[in-house]
Amino acid sequence: MKKFNQLFFAGLAFCLVLMALSACKTTMTGAQSADSGLVPDQASTGDPPLIPHEVEASDGGEECLGCHEDGEDAPKIPDWHAALTDCRQCHVPYVESSAIFKTPY
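Letter by letter, the sequence shown follows residues 48 to 152 in my numbering.
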């Protein structure tokens, strides 16, 4: 009986760990994907979309809202994203160069 209890609680603990790990997987709902023809695929799944045009270095996001707020000229900013005001904190401009840093190698 003691061995049964140990196995039972070990199995229960294993199941709880699996449930906790599966709950950690986050998905972003409500996000609209950008036109795939504008920007190449992100580096990996979950990366924010790249900016397909030039932006001012000092621009923190106010200029972005001019086109993205209503969704007429560019993809609309989703409701869950409205509180995030510094666009350049996550989104970076797309650069066609294959070498960002020049090295002598």
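Quick reminder that beta carbons are idealized off the backbone N, C-alpha and C, glycines included.
Original post:
Taking the continuous alpha helix (DSSP H) assigned at C40, which residues delimit it?
Top reply: Shown here, the chain extends from 48 to 152; a query on residue 40 therefore has no answer.
Original post:
When the Cα atoms are used, what is the spatial distance from V142 to E110?
Top reply: Residue 142 sits at position 95 when you count from the first residue of the sequence shown. Residue 110 sits at position 63 when you count from the first residue of the sequence shown. The straight-line gap from Cα to Cα measures roughly 20 Å.
Original post:
If H138 sits next to P96, beta carbons under 8 Å apart, how far is it from one beta carbon to the other, in whole angstroms?
Top reply: To locate residue 138, count along the sequence shown from 1; it is residue 91. To locate residue 96, count along the sequence shown from 1; it is residue 49. Indeed, because the Cβ distance is near 7 Å, the residues count as touching under 8 Å.
**OP:** State yes or no: is the C-beta of G108 within less than 9 Å of the C-beta of R135?
**Re:** The residue you call residue 108 lines up with position 61 of the sequence shown. The residue you call residue 135 lines up with position 88 of the sequence shown. Going by C-beta atoms, G108 is nearer than 9 Å to R135.
Subject >> I98 Cβ short of 8 Å to the ligand COA heavy atom set >> reply: The model on display carries no ligand, and the ligand COA is accordingly not part of it.
Subject >> Residues near C62 by beta carbon distance below 7 Å, same chain, minus five either side >> reply: Locating residue 62 in the sequence shown gives position 15, where the first residue counts as 1. Counting only Cβ-Cβ distances below 7 Å, and skipping sequence neighbours, we find nothing.
Original post:
Using a Cβ-Cβ cut-off of 6 Å (strictly less than) and excluding sequence neighbours within five positions of H115, which residues of its own chain qualify?
Top reply: Residue 115 sits at position 68 when you count from the first residue of the sequence shown. So the qualifying residues of the chain are A121 and I124.
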